[in-house]
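Each remark here refers to the structure printed beneath this line.
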Amino acid sequence: MKKDDCIFCKIISGEIPSSKIYEDDDVLAFLDISQVTQGHALVVCKEHYDSFLTTPKKVMHKVMDVAQRIGQADMIMLGARGVNILTNIGKNAGQSVFHFHVHVIPRYAGDDLIIEMKENRDLEKLNLPAIAEEIKKGL
Ligand code: AMP
Ligand code: ZN
-8 MKKDDCIFCK IISGEIPSSK IYEDDDVLAF LDISQVTQGH ALVVCKEHYD
42 SFLTTPKKVM HKVMDVAQRI GQADMIMLGA RGVNILTNIG KNAGQSVFHF
92 HVHVIPRYAG DDLIIEMKEN RDLEKLNLPA IAEEIKKGL
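For the sequence shown, our numbering assigns the number -8 to the initial residue and increments by one for each residue that follows.
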């Protein structure tokens, strides 16, 4: 179902233009308006769901399938040397558009994009088995 104030719903309905890469009944992919590297794409489901975590599995799988295909095309057609697949969930994780989307970010030798997973030394003493137990209880 379309959400009136959602920018991606407006792109899906054609109200707002986009540089489309792929479209089928359930999924649309287009270039991100702010290119972090050349070819940076977004894959979205046509139905409005807020994020990865609230999207039905079947729909989420279709989006991931297209993300994989675009990543493969980036390597072959754009000469990418790697790809980052990223989805932000929630304001604290950097999500700014609350319609599930996956970033497909081609990576090139010498590009200056930094997507870093840095160890936090303050967390060195955490009880990992206890944390693992907590997460397991929620599965
Ligand atoms: P996120 O921060 O993960 O929610 O990503 C939202 C992304 O949507 C950002 O990278 C924006 O550059 C991108 N974006 C916002 N408006 C548009 C638009 N009209 N066309 C294409 N991309 C957009
Ligand atoms: Zn939407």
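C-beta atoms are modelled at their ideal positions from N, C-alpha and C, and glycine is treated no differently.
- For glutamate 14, the enclosing beta strand (DSSP E) has its first and last residue at 11 to 14.
- For the 8 Å CB-CB criterion, leucine 19 and isoleucine 3 form a contact.
- DSSP lists Leu22, Val95 as the bridge partner or partners of alanine 32.
- Excluding its 5 nearest sequence neighbours in each direction, glutamine 86 has C-beta neighbours in its own chain below 8 Å: Ser42, Asn79, Ile80, listed in chain order.
- Under the three-state reduction of DSSP, asparagine 75 is assigned to strand.
- Three or more beta-carbon pairs separated by less than 8 Å link the segment 91 to 99 to the segment 69 to 78, which places the two stretches in contact.
- Remark: fewer than three beta-carbon pairs, one from each stretch, lie closer than 8 Å, so the segment 107 to 125 and the segment 45 to 62 are not flagged as touching.
- Check the Cα spacing between glutamine 29 and each of Asp113, Glu115, Ile126, Leu104: the tightest is with Leu104.
- The straight-line gap separating the alpha-carbon atoms of methionine 68 and arginine 60 is approximately 12 Å.
- Using a 10 angstroms sphere on the CB of lysine 37, the tally of other CB atoms reaches 16 or more, which defines it as buried.
- With a cut-off of 7 Å, the C-beta of histidine 39 is classified as distant from the ligand AMP, since no heavy atom of the ligand falls inside that distance.
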